[in-house]
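Participant:
Residue numbers (our numbering): 20 to 856.
#1: Taking only three categories from DSSP, how would you classify residue 701?
#2: Ordered along the chain, which non-local residues of its own chain (more than five positions away) have a Cβ less than 6 Å from that of residue 497?
#3: Quick one: what's residue 748 bridged to in DSSP?
#4: With distance defined between alpha-carbon atoms, name the residue in 283, 777, 780, 462 nearest to residue 506.
#5: So residue 764 and residue 842 are in contact, right, with Cβ under 8 Å, and what is the actual spacing, rounded?
#6: Along the chain, where does the beta strand (DSSP E) containing residue 837 start, and where does it finish?
#7: So residue 599 is in the alpha helix (DSSP H); what residue range does that whole segment cover?
#8: Would you tell me roughly how many angstroms separate the C-alpha atoms of residue 294 and residue 364, rounded to the nearest one?
#9: Could you tell me which residues DSSP puts in a beta bridge with residue 618?
#10: Check residue 737 in the structure and name its three-state DSSP category.
#11: With distances taken between CB atoms, is the gap from residue 603 to residue 588 smaller than 9 Å?
#12: Counting only the same chain and skipping the five closest in sequence on each side, list residues whose C-beta sits under 6 Å from that of residue 544.
#13: Taking the beta carbon of residue 831 as the centre, do at least 16 other beta carbons fall within 10 Å, making it buried, or is it exposed?
#14: Name, in chain order, the residues that DSSP records as bridge partners for residue 623.
#15: In terms of residue numbering, what span does the alpha helix (DSSP H) encompassing residue 817 cover?
#16: Across the stretch 564-581 and the stretch 533-543, are there enough close Cβ pairs to call them in contact, namely three or more that are closer than 8 Å?
#17: Considering only their Cβ atoms, is the gap separating residue 583 from residue 534 smaller than 9 Å?
#18: Do the stretch 630-650 and the stretch 802-818 touch if we need at least three Cβ pairs shorter than 8 Å?
#19: Apply the 10 Å Cβ neighbour rule to residue 775 and answer buried if 16 or more other Cβ atoms are within range, or exposed otherwise.
#20: Can you tell me where the beta strand (DSSP E) holding residue 580 begins and where it ends?
#21: Assign residue 364 to one of three DSSP states: helix, strand, or coil.
#22: Could you name the residues of the same chain whose beta carbon sits closer than 6 Å to that of residue 805, not counting the 5 residues immediately before and after it, in chain order?
#23: Along the chain, where does the beta strand (DSSP E) that runs through residue 779 open and close?
#24: Go through its chain and collect everything with a Cβ distance to residue 664's Cβ below 6 Å, but skip five positions before and after it.
#25: Compare the C-alpha of residue 630 against each of 814, 274, 821 and name the closest.
#26: Pull up the DSSP beta-bridge partners for residue 787, would you.
#27: Rounded to a whole number of angstroms, what is the C-alpha to C-alpha distance between residue 502 and residue 559?
#28: What is the residue span of the beta strand (DSSP E) that residue 638 lies within?
#29: Which residue's Cα is closest to the Cα of residue 757: 742, 662, 766, 585?
#30: Counting only the same chain and skipping the five closest in sequence on each side, list residues whose C-beta sits under 6 Å from that of residue 600.
#31: Specify, as a first and last residue, the run of the beta strand (DSSP E) that residue 693 falls within.
#32: According to DSSP, simplified to helix, strand and coil, what is residue 716?
#33: Alpha carbon to alpha carbon, how far is residue 722 from residue 728? Give it in angstroms, no decimals.
#34: Excluding the 5 residues flanking residue 704 on each side, which residues of the same chain have their C-beta closer than 8 Å to its C-beta?
#35: Please go through the same chain and pick out, in chain order, the residues whose beta-carbon is closer than 8 Å to the beta-carbon of residue 19, but skip the five residues on each side of it.
#36: Three-state secondary structure (DSSP) at residue 551?
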């Protein structure tokens, strides 16, 4: 028997395949395989699979399963492999440790590279890292098909879907720390035009042998994602509209690096930075190397206010200079200088929440070995990568076997085995609904006459929407018209205006013009819209413009309108809403001529009972016991400690309590270990004739703060995000009764601006703090949030209309009360919640 290690076989095979060509190499590989199978074998722990794919058989979709695609497996002795690191290339994990293994297959003759198009490592029965059932050597470096799908889903949510299709930006799933790491597997400079590709931060591998780095990364103890050693990794990603060699980037970097900015330099720096995009990148950097923002609160809800439009060059792969220790210190300094900017903070918090949300983590916590389901199959077939089926039916990535010469030249400087795409990269920016330029759908969409929209109408770049005079568009609840990079023409006339309204009493979404799109609106009447929330981006109002150019003339819009970083031309336009603002504007250039604003007085009417109200209704039972003492006295502290001690003793007696019988684990009440401190700022509203007071109704607009100190800081510095309230609620307490001294019972209805309360959710996040009072108080006074009935408003309307035989009620603010509260909850975890408390 021949007893030689695998690396020797590979060296022999490489010499043969480079010397005598592919045909003889097949025989050589068969011979090597027989040697391994018949020779003395040690405890092999993995398999190498060379999937032989003939170029002409490739197609844009997986080939029929009947096609014969030979598979050759070679066993590797782990001990021998570890002794021959210089001969093998790739990643191998054993017992949580990383070993740099170099597989010579990646150094084959070019003819062989086009013949054997995939090298995969399959881990046998739990001998290696348990969470890695299978992973690939060649980019994209993903542990399974599902991992590539996860990457695309997350990239799409953040707004960078297309970039992964043009060169290999990888999302690596780190199981040990339950996090994500964005990396690029390109050790060399990319020779391609990046002028129209959207912003994306690249974390660059400086060499292909990165396993030593991996070993360091997996040792991180604190962060959710491994720490990035500065000497091994580099960050180069300006947030500007120009390349990194331009003077603006140099100026931004210089200002960011300064310890103190002058009065003139601070606004200059703010002008140079794209706050939205920098917020996204700063969040990812924070997750990777723990460069956290000082005193950054974890938000209960958040939003993206917009997606940036056309972006000029913003990429640079790391080079030798990128290896200097702390080469990105300016980056962290810039984060620190921007932490008081609300735009940056909102974007930062949105991204952190997205990466921590169940939408992402539901995929991350699942085992890697997953079946390819229908959703994944549709996603796979939509990508430009080609696939081939192995004899077992598993789909595998195929690179470069059938690529054009033009594409090969575009990627000539990529590492051996890098992916070659079906088409050359063409800049497709991040957008509301990212698509490639070669759209297969119709270039022109025409609406003439009556049209009912039951699902979103999306107009992408290269498409035109034409709405003819006299057209009537009725839109289903929650549905929107999204002009994401395309063109829209609303061609109404004085004799035949266009009408856009809802299909029912429930509000529809918005008309959104975004992502570099443009629109002309003439003689249109828009009513019944609310807002649109897509891909973690909120578009405020029935008509919202983000990074676009729009002209509106001779039209009327009933509802909130918002303009963000856009160019707007208004002439003979009437805006109708309940807020003291004609429209919401941030960074927009607006030319207005003969514009009229009708501010309706917000009031509760029977109309809010005609749809299902949203919020959290429940019955609240309270027992209140008052102790009179100076708040600074020792007597008060002693009384509190005595109460805690007594409750602890009483709660330990199971015979006194019936509620634990309904608990899932039959557990007793569990008191909080700490007393919670809160501060509430309440605005109580009532009618001019004091109906709420007369009927013992508590109807209030409540801001919640972490404590009294936070509230006081907010009053002094309302522009600083760190002091903003963490929740806004519309509260209505109705039908209060006192069945016993100190004991009260009341029906409470809340509309809460957080994802745990309907209509909001992780798929429809609530508006982010600070909830401007000029905008959000009128919604409460109307009993509806942008056309969505609130449960607090509906219950107050129902109660008062029955008691007074009236239907309309106009409310206004009457008194402001600030309350500091110390509270200790008693909890019983059940399937219905943690109460009673």
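No residue lacks a Cβ here, since even glycine has one placed at the ideal position from N, Cα and C.
Note that the coordinates shown come from a computational prediction; the quantities given were computed from them, not determined experimentally.
Facilitator: Taking the coordinates as given:
#1: Taking the first residue of the chain shown as 1, we reach residue 701 at position 682. Residue 701 falls in the strand class under three-state DSSP.
#2: Your numbering for residue 497 matches position 478 in the chain shown. These residues qualify, in order along the chain: 528.
#3: By 1-based counting over the chain shown, the position of residue 748 is 729. 721, 771, per the DSSP bridge assignment.
#4: Translated into the one-based positions of the chain shown, residue 506 becomes position 487. Taking only the C-alpha atoms, the option nearest residue 506 is 462.
#5: Taking the first residue of the chain shown as 1, we reach residue 764 at position 745. Taking the first residue of the chain shown as 1, we reach residue 842 at position 823. Not confirmed; about 19 Å, so no contact.
#6: Residue mapping note: residue 837 aligns to position 818 of the chain shown, counting from 1. It spans 831-842 - the beta strand (DSSP E) in which residue 837 sits, taken as one unbroken run.
#7: Position 580 of the chain shown, counted from the start, is the residue given in the question as residue 599. Where residue 599 is concerned, there is no enclosing alpha helix (DSSP H), given that its DSSP letter is neither H nor E.
#8: Mapped onto the chain shown, residue 294 falls at position 275. Mapped onto the chain shown, residue 364 falls at position 345. Spanning the two alpha carbons is a distance of roughly 9 Å.
#9: For the purposes of this step, residue 618 is taken as residue 599 along the chain shown, with counting starting at 1. For residue 618, which the question treats as bridged, DSSP gives the partners 596.
#10: Position 718 of the chain shown, counted from the start, is the residue given in the question as residue 737. Residue state, collapsed to three classes: coil.
#11: Here residue 603 is taken as the residue at index 584 of the chain shown, counted from 1. Here residue 588 is taken as the residue at index 569 of the chain shown, counted from 1. Not a contact, by the Cβ cut-off of 9 Å.
#12: Taking the chain shown and counting its residues from 1, the one referred to as residue 544 is at position 525. The answer, listed in chain order, is 516, 518, 575.
#13: As a first step, residue 831 must be located in the chain shown, where it is residue number 812. Answer is exposed; the Cβ neighbour count stays below 16.
#14: Position 604 of the chain shown, counted from the start, is the residue given in the question as residue 623. Residue 623 is bridged to 828.
#15: The sequence position of residue 817 within the chain shown is 798, counting from 1. Run containing residue 817: 810-823, per the alpha helix (DSSP H) assignment.
#16: yes
#17: Sequence index remark: in the chain shown, residue 534 carries index 515 (1-based). Sequence index remark: in the chain shown, residue 583 carries index 564 (1-based). Going by C-beta atoms, residue 534 is not nearer than 9 Å to residue 583.
#18: yes
#19: Counting from one through the chain shown, the residue named residue 775 turns up at place 756. It counts as exposed.
#20: What you label residue 580 is simply residue 561 of the chain shown in a count that begins at 1. That run of the beta strand (DSSP E) goes 580-583.
#21: Locating residue 364 in the chain shown gives position 345, counting from the first residue. Looking at residue 364 - three-state DSSP - the assignment turns out to be helix.
#22: Within the chain shown, residue 805 is the residue found at index 786, counting from 1. Cβ neighbours of residue 805 beyond the five flanking positions: 549, 550.
#23: In the chain shown, counting from the first residue as 1, residue 779 sits at position 760. Counting along the chain, residue 779 falls outside any beta strand (DSSP E), and DSSP gives it neither H nor E.
#24: Your numbering for residue 664 matches position 645 in the chain shown. None.
#25: Sequence index remark: in the chain shown, residue 630 carries index 611 (1-based). Residue 814 is the option with its Cα nearest to residue 630.
#26: In the chain shown, counting from the first residue as 1, residue 787 sits at position 768. Residue 787 pairs with nothing; no bridge assigned.
#27: Translated into positions along the chain shown, residue 502 becomes position 483. Translated into positions along the chain shown, residue 559 becomes position 540. So the two alpha carbons sit approximately 15 Å from each other.
#28: In the chain shown, counting from the first residue as 1, residue 638 sits at position 619. 635-642 is the extent of the beta strand (DSSP E) around residue 638.
#29: The residue you call residue 757 lines up with position 738 of the chain shown. Restricting attention to 742, 662, 766, 585, the CA atom closest to the CA of residue 757 is found in 766.
#30: Walking along the chain shown from the start, residue 600 turns up at place 581. Result list for residue 600: empty, nothing under 6 Å.
#31: Within the chain shown, numbered from 1, the residue matching residue 693 stands at position 674. Element bounds for residue 693: n/a, residue is neither H nor E.
#32: On the chain shown, position 697 is the one that residue 716 refers to. Correct three-state label for residue 716: coil.
#33: Mapped onto the chain shown, residue 728 falls at position 709. Mapped onto the chain shown, residue 722 falls at position 703. Spanning the two alpha carbons is a distance of roughly 14 Å.
#34: Mapped onto the chain shown, residue 704 falls at position 685. So the qualifying residues of the chain are 711, 718, 719, 720, 799, 800, 830, 831, 832, 833.
#35: It is not possible to answer for residue 19, since the shown part of the chain is limited to 20 through 856.
#36: Your numbering for residue 551 matches position 532 in the chain shown. Under the three-state reduction of DSSP, residue 551 is assigned to strand.
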